[in-house]
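In my numbering, the protein residues as written are 35 to 257.
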């Protein structure tokens, strides 16, 4: 597997996270399925104002994301490095299929968002680490910091001239995915998740194909 493919694979995962987070944000009226810092702030403000009911929504999403991370991490720990990415992404795809099914059958409830948060928590167990940066993450605060830091070092002549590009690409991937998710929701609110399901399934199939061939998407422990 070439480095270019590894980077493209990871950036597609990050774009997928942006796509799903945008759908959740619109559907839940300002809450997130992957951006838990935002949910934590919303919950904290609600608690500070004594609005216990308003704090419940972000609290449930935070807990659900953590459970997804636990399940994804556990699955990754139980599988060999060769099959790790394929198994985690296959699990994520199944969770997104469940989210789509809930969205279609009970569209007036937020059940689908819980499966989306589970999927986003699990996805972080399939991060792709290439050349000193990580792609596939469902949050980009660290990437944005890395972008600014490395750009500053480059301008000061103390770092690679283009060392900031990968981190900037991660942020742009999330941005692009979120824009695509918003457009998809505008076209078909009920079936917008189909694009996310198809993407996750394709990535899982690609990872599985490489595993069958005796290769693997770059694993964090290997770089």
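Glycine included, every Cβ here is placed at the ideal spot set by N, Cα and C.
Subject >> Nearest candidate by alpha-carbon position, reference residue 38, set 203, 210, 246 >> reply: If you number the chain shown from 1, residue 38 lands on position 4. Nearest of 203, 210, 246 to residue 38, Cα basis: 203.
**OP:** Starting from the Cα of residue 161, find the closest Cα among 58, 243, 238 and give me that residue.
**Re:** Here the question's residue 161 lines up with position 127 in the chain shown. Ranking the options by Cα distance to residue 161, first place goes to 238.
**OP:** Could you give the DSSP three-state label for residue 21: helix, strand or coil?
**Re:** Here the chain comprises residues numbered 35 to 257, so residue 21 is not present and cannot be evaluated.
**OP:** Would you mind stating whether residue 51 and residue 216 have Cβ atoms separated by less than 8 Å?
**Re:** Counting from 1 along the chain shown, the entry for residue 51 is found at position 17. Counting from 1 along the chain shown, the entry for residue 216 is found at position 182. The answer is no: Cβ separation not under 8 Å.
Original post:
Short check: CB of residue 153 to CB of residue 126, under 8 Å?
Top reply: On the chain shown, position 119 is the one that residue 153 refers to. On the chain shown, position 92 is the one that residue 126 refers to. At the C-beta level, residue 153 and residue 126 come within 8 Å of one another.
Original post:
With burial defined as no fewer than 16 other Cβ atoms inside 10 Å of the residue's Cβ, what is the status of residue 179: buried or exposed?
Top reply: Residue numbering aside, residue 179 sits at position 145 when the chain shown is read from its first letter. By the 10 Å Cβ count, residue 179 comes out exposed.
Original post:
Counting Cβ pairs, one atom from each stretch, are 3 or more of them under 8 Å apart for the stretch 108 to 115 and the stretch 75 to 88?
Top reply: The stretch 108 to 115 vs the stretch 75 to 88: no contact.
**OP:** Output the residue ranges of the alpha helix (DSSP H) runs that lie fully inside the stretch 47 to 89 and measure 4 residues or longer, sorted by chain position.
**Re:** You should have 70 to 82.
Original post:
Is residue 110 helix, strand or coil when you go by DSSP?
Top reply: Here residue 110 is taken as the residue at index 76 of the chain shown, counted from 1. DSSP places residue 110 in helix when its eight states are reduced to three.
Original post:
So residue 171 is in the alpha helix (DSSP H); what residue range does that whole segment cover?
Top reply: Position 137 of the chain shown, counted from the first residue, corresponds to residue 171. Counting along the chain, residue 171 falls outside any alpha helix (DSSP H), and DSSP gives it neither H nor E.
**OP:** Go ahead and pull the three-state DSSP assignment for residue 140.
**Re:** To locate residue 140, count along the chain shown from 1; it is residue 106. When secondary structure is reduced to three states using DSSP, residue 140 falls in the coil class, being assigned neither helix nor strand.
Original post:
Are residue 76 and residue 92 touching if we call contact CB-CB under 8 Å?
Top reply: For this step, residue 76 is matched to residue 42 along the chain shown. For this step, residue 92 is matched to residue 58 along the chain shown. The Cβ atoms of residue 76 and residue 92 lie closer than 8 Å to each other.
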